[in-house]
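Novice:
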């Protein structure tokens, strides 16, 4: 059914309030902008009046002193309008860029708290679009709102008021023109809004295609699928082009409608004004002077330009409305994983227990990935897990550091349900090395310090020796200061895995999980890593997911 109007308005109000919380320290700039805008408008409205006096008393009256007097006042007003305009522009720019910075920070900060299922809900590409394109749209709309949206109504009111003061017979022409323009703008904007909402969803698709292509560029090239990827990109790009063209075509009616009203008003004012001047013999007491007519033309342009600019603000806000909704969705999304009211901060030991655990991805998933799992692992034990592809090996271990929560039953670490712990404290004690682990752009030292921020060179070298990584690091010209490219593209798969194992060991965790993380390492190195584990971290619970039997044959327990 249709949504009642008051709910839509209420929702919009709540959304705008929610977004404006990000203005914070830029509130002063946001308030100073309209103040200077008002001063600029006052100057601009005074200028045509001075111009009329200059024409009537100076030029028509052939009075040189009056020409100088009104000429100097005119120059002063113009300079003041320029200064106030520049100040308004500066404060508006500072307020809008600051607001966008804070909003981007707030959204990114919230994304950091998302659980995997929250990220799955939005998709990475969509989050990237919201943090870039959408915020730029909101920033532009905010800038227009505090500057142009204030300027237009004030200019309209002032100019109309003075136009009525100059000649009450001609001013009603504007009263006829304004509703025509307003109705036209409402029709244009309501048609364009729907298209812009669709465009931003297509942007998500475009970002997704680009992201996939760049991530999988090696696969694309090895399968010679460049043409297919280009076609995919072009198809989404064409969709955006068509939607934008359609929206811009609708918005293009704005200018001719505006010109129709402007020239219509000017023709009527010229015709009626000329009649009044002729009838009154240029006598202001009887009818109208040449100066009055000149200033009326100026006010015509001011009134209609304010309406035109007002329509531009509406267009900008229309475009950004969809962006505002998308930004608010990110800000309002709450993580599925919460800290309990009185969290436990200390993990006693590395013992693990699965007590009648069921797990399914998605809230209403009928298909359980884990069905009634019961398992006890004593602290310090080495557990091997083997199983076919898709047999939920990774899902099982992801419940231990609470990357996901069990759908039913309980996962216990150190004798307590993982949901009782402070999430950060629990994850500090569980180190995970994934099969597709990530290295970040920075030096090898920077990457290792993810495990321990204040690790010394000696500590880093020691864990790299345990992970059999020290040997190849020493072959690099810069050793531990070697720069790792984004995604670790300048090291091999096996080297990347060993660096990730070293990084996890640096945490000195109570539980170490290796999720198929020696798959790219030869059997000899694999054996040396396992031997180092036995000697160096006997009290750490080690869970090893592997495809090779040799990787788990000396484990205390094999699942």
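Residue numbers (our numbering): 93 to 651.
Don't be surprised by glycine CBs; every beta carbon is placed ideally from N, CA and C.
Here the structure is a predicted model, which is why all the values come from computation and not from measurement.
If you draw a straight line from the C-alpha of residue 106 to the C-alpha of residue 424, how long is it?
Specialist: Residue mapping note: residue 106 aligns to position 14 of the chain shown, counting from 1. Residue mapping note: residue 424 aligns to position 332 of the chain shown, counting from 1. So the alpha carbons of these two residues sit roughly 11 Å apart.
Novice: Would you grab the beta carbon distance between residue 596 and residue 525 for me? Rounded to a whole angstrom, and I think it's under 8 Å.
Specialist: Against the chain shown, residue 596 aligns to sequence position 504. Against the chain shown, residue 525 aligns to sequence position 433. Going by Cβ atoms, the distance from residue 596 to residue 525 rounds to 5 Å, so yes, they are a contact pair.
Novice: Please state whether DSSP places residue 519 in a helix, a strand or coil.
Specialist: Working through the chain shown from its first residue, we reach residue 519 at position 427. Helix.
Novice: Who are the near neighbours of residue 502 in its chain, counting only those whose CB is closer than 6 Å to its CB and skipping five residues on each side?
Specialist: Numbered from its first residue, the chain shown carries residue 502 at position 410. Same-chain partners within the cutoff: 447, 509.
Novice: Per the DSSP calculation, residue 447 is bridged to which residue(s)?
Specialist: Taking the first residue of the chain shown as position 1, residue 447 is located at position 355. In the DSSP output, where bridge partners are listed per residue, residue 447 has 502.
Novice: Once you ignore the five residues that flank residue 124 on each side, which residues in its own chain have a CB closer than 6 Å to its CB?
Specialist: In the chain shown, the residue the question calls residue 124 occupies position 32. The residues are 183.
Novice: Which residue from 228, 591, 558 puts its Cα closest to that of residue 627?
Specialist: Sequence index remark: in the chain shown, residue 627 carries index 535 (1-based). Checking every option, the nearest Cα to that of residue 627 belongs to 558.
Novice: With a cut-off of 8 Å on the beta carbons, I'd call residue 653 and residue 620 a contact; round off their distance for me.
Specialist: For the chain, the structure presents residues 93 to 651; residue 653 sits outside this window and is missing.
Novice: Quick check: residue 238 and residue 419, are their CB atoms within less than 8 Å of each other?
Specialist: Start at 1 with the first residue of the chain shown, and residue 238 comes out as number 146. Start at 1 with the first residue of the chain shown, and residue 419 comes out as number 327. No; because the gap between Cβ atoms is not below 8 Å, this pair is not in contact.
Novice: Given residue 188, which residues of its chain have a CB within under 6 Å of its CB, disregarding the five upstream and five downstream residues?
Specialist: As a first step, residue 188 is located in the chain shown; it is residue number 96 there, counting from the start. So the list reads 231, 234, 235, once near-sequence residues are dropped.
Novice: On the criterion of 16 or more Cβ atoms from any shown chain inside 10 Å, does residue 120 qualify as buried, or is it exposed?
Specialist: The residue given as residue 120 occupies position 28 in the chain shown. In this structure residue 120 is exposed. Its beta-carbon is surrounded by fewer than 16 other beta-carbon atoms within 10 angstroms.
Novice: With a Cβ-Cβ cutoff of 8 Å, do residue 591 and residue 637 count as a contact?
Specialist: Position 499 of the chain shown holds residue 591. Position 545 of the chain shown holds residue 637. Their beta carbons are not under 8 Å apart, which means residue 591 does not touch residue 637 by this criterion.
Novice: Does residue 529 come out as helix, strand or coil in the three-state DSSP assignment?
Specialist: By one-based count along the chain shown, residue 529 stands at place 437. Here residue 529 sits in coil by DSSP.
Novice: Using 8 Å as the threshold, is the segment 563-580 in touch with the segment 491-500, meaning 3 or more CB pairs across them?
Specialist: As far as the Cβ criterion goes, the segment 563-580 does not touch the segment 491-500, which means the pair count is below three.
Novice: Is the Cβ-Cβ distance between residue 576 and residue 533 less than 8 Å?
Specialist: Taking the chain shown and counting its residues from 1, the one referred to as residue 576 is at position 484. Taking the chain shown and counting its residues from 1, the one referred to as residue 533 is at position 441. Yes, they are a contact pair.
Novice: Taking its Cβ as the centre, do 16 or more other Cβ atoms sit within 10 Å of residue 622, making it buried, or is it exposed?
Specialist: Locating residue 622 in the chain shown gives position 530, where the first residue counts as 1. Buried, by the Cβ-count rule.
Novice: Rounded to whole angstroms, what is the Cα-Cα separation between residue 288 and residue 441?
Specialist: Looking up residue 288 in the chain shown gives position 196. Looking up residue 441 in the chain shown gives position 349. For the pair residue 288 and residue 441, the Cα-to-Cα distance works out to about 55 Å.
Novice: Using 8 Å as the threshold, is the segment 148-155 in touch with the segment 382-390, meaning 3 or more CB pairs across them?
Specialist: yes
Novice: Hey, residue 389 and residue 416: beta-carbon distance below 8 Å or not?
Specialist: Translated into the one-based positions of the chain shown, residue 389 becomes position 297. Translated into the one-based positions of the chain shown, residue 416 becomes position 324. No, the pair does not count as a contact, with Cβ atoms beyond the cut-off.
Novice: Since residue 604 is in the beta strand (DSSP E), which residue starts that stretch and which ends it?
Specialist: If you number the chain shown from 1, residue 604 lands on position 512. From DSSP, the beta strand (DSSP E) with residue 604 extends over 603-607.
Novice: Mind checking residue 645: buried by the 16 CB within 10 Å criterion, or exposed?
Specialist: On the chain shown, position 553 is the one that residue 645 refers to. Per the 10 Å Cβ criterion, exposed.
Novice: Return the chain-ordered list of same chain residues with a C-beta closer than 8 Å to the C-beta of residue 410, the five sequence neighbours on each side being excluded.
Specialist: Working through the chain shown from its first residue, we reach residue 410 at position 318. Result list for residue 410: 281, 284, 285, 288, in chain order.
Novice: Judging by CA-CA distance, which residue of 300, 174, 202 is the nearest neighbour of residue 216?
Specialist: As a first step, residue 216 must be located in the chain shown, where it is residue number 124. Selected option, being the one with the closest Cα: 300.
Novice: When the Cα atoms are used, what is the spatial distance from residue 584 to residue 412?
Specialist: As a first step, residue 584 is located in the chain shown; it is residue number 492 there, counting from the start. As a first step, residue 412 is located in the chain shown; it is residue number 320 there, counting from the start. About 44 Å.
Novice: Using 8 Å as the threshold, is the segment 429-443 in touch with the segment 504-524, meaning 3 or more CB pairs across them?
Specialist: yes
Novice: For the beta strand (DSSP E) that residue 476 lies in, which residues bound it at each end?
Specialist: Taking the first residue of the chain shown as position 1, residue 476 is located at position 384. Here the beta strand (DSSP E) through residue 476 covers 474-477.
Novice: Residue 509 bridges to which residues according to DSSP?
Specialist: Sequence index remark: in the chain shown, residue 509 carries index 417 (1-based). According to DSSP, residue 509 bridges with 504.
Novice: Skipping 5 residues on each side, what residues in its chain have a beta carbon closer than 6 Å to that of residue 205?
Specialist: Start at 1 with the first residue of the chain shown, and residue 205 comes out as number 113. The answer, listed in chain order, is 427.
Novice: For residue 343, which three-state DSSP category applies?
Specialist: For this step, residue 343 is matched to residue 251 along the chain shown. Residue 343 falls in the helix class under three-state DSSP.
Novice: Let me know the secondary structure DSSP gives residue 653 once reduced to three states.
Specialist: An answer regarding residue 653 cannot be provided, because it is not within the stretch 93 to 651 covered by the chain.
Novice: Do you know how far the Cα of residue 494 is from the Cα of residue 467?
Specialist: Against the chain shown, residue 467 aligns to sequence position 375. Against the chain shown, residue 494 aligns to sequence position 402. Using only the alpha carbons, I get a separation of about 17 Å.
Novice: Determine contact between the segment 351-369 and the segment 262-280, defined as no fewer than three beta-carbon pairs at a distance below 8 Å.
Specialist: yes
Novice: At which residue ranges does the segment 584-634 contain complete beta strand (DSSP E) runs of 3 or more residues, listed in the order of the chain?
Specialist: 603-607
Novice: Skipping 5 residues on each side, what residues in its chain have a beta carbon closer than 8 Å to that of residue 186?
Specialist: Locating residue 186 in the chain shown gives position 94, counting from the first residue. If we look at residue 186 and ignore the five residues flanking it on each side, its Cβ neighbours are 118, 121.
Novice: What does residue 524 pair with, by DSSP beta-bridge criteria?
Specialist: On the chain shown, residue 524 is found 432 positions in, with the first residue counted as 1. Residue 524 pairs with 605.
Novice: Could you check what DSSP says for residue 468 in three-state terms: helix, strand or coil?
Specialist: Looking up residue 468 in the chain shown gives position 376. In the structure shown, the three-state DSSP call for residue 468 is strand.
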